[in-house]
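See below for the structure under consideration.
In our numbering, the protein residues as written are 9 to 167.
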């Protein structure tokens with residue numbers, strides 16, 4: 009509650025997602041605890057934060073991207089979507105619009121690590137071979153949300 013009040017709802021969601029993803033806390037337990045909080049300073053922030061948390065993000069920027077998408081008015085993507093082709097697993101993507109066969113991937117620094125790069129490229133090639141398009145988001149894209157959202161709106165629009 010204090011974090012949400014001090015740093016804002018988004019940062020509280022980032023922290024909650026990290027704690028839930030790391031299995032330090034159970035989201036249902038946190039939601040239950042917040043639901044019985046008396047109305048006091050910060051309780052509204054806490055309620056908003058637990059309502060927005062899902063624990064699926066694998067990094068803070070993924071959570072920030074999810075929150076941006078949530079507020080954007082764009083169709084909601086599926087988080088941590090498993091792409092399959094011919095019944096076999098191809099990849100798990102950060103976000104997907106399956107009906108558009110579009111994957112959205114946050115491309116953090118680890119993707120360029122020498123030991124990760126070949127595996128990551130094979131994964132992307134698998135998605136492309138399965139008929140999916142992949143759009144990458146970087147740290148600098150998150151600093152220009154209007155441009156990012158306009159690009160996604162264009163990609164998701166019919167025709």
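Using N, Cα and C, we set each Cβ at its ideal position, and we do this for glycine too. Just so it is clear, the structure is predicted and the values come from calculations on it, not from any experiment.
{"query": "Nearest-angstrom Cα separation, counted from residue 36 out to residue 60", "result": "12 Å"}
{"query": "Nearest-angstrom Cα separation, counted from residue 31 out to residue 116", "result": "22 Å"}
{"query": "Coil, strand or helix - residue 141 by DSSP", "result": "strand"}
{"query": "Assigned secondary structure, residue 67 (DSSP; H/G/I helix, E/B strand, else coil)", "result": "coil"}
{"query": "First and last residue of the uninterrupted beta strand (DSSP E) at residue 112", "result": "110 to 114"}
{"query": "Cutoff 7 Å; reference residue 71; Cβ partners in own chain excluding five residues on either side", "result": "21, 22, 25 and 65"}
{"query": "Cα-Cα separation between residue 81 and residue 145, rounded to whole angstroms", "result": "18 Å"}
{"query": "Sequence-distant residues of the same chain with beta carbon closer than 6 Å to residue 141, five excluded per side", "result": "110"}
{"query": "Beta-carbon proximity list for residue 157, same chain, < 6 Å, skipping 5 on both sides", "result": "80"}
{"query": "Classification of residue 125 by the beta-carbon crowding that lies within 10 angstroms, buried from 16 upward", "result": "exposed"}
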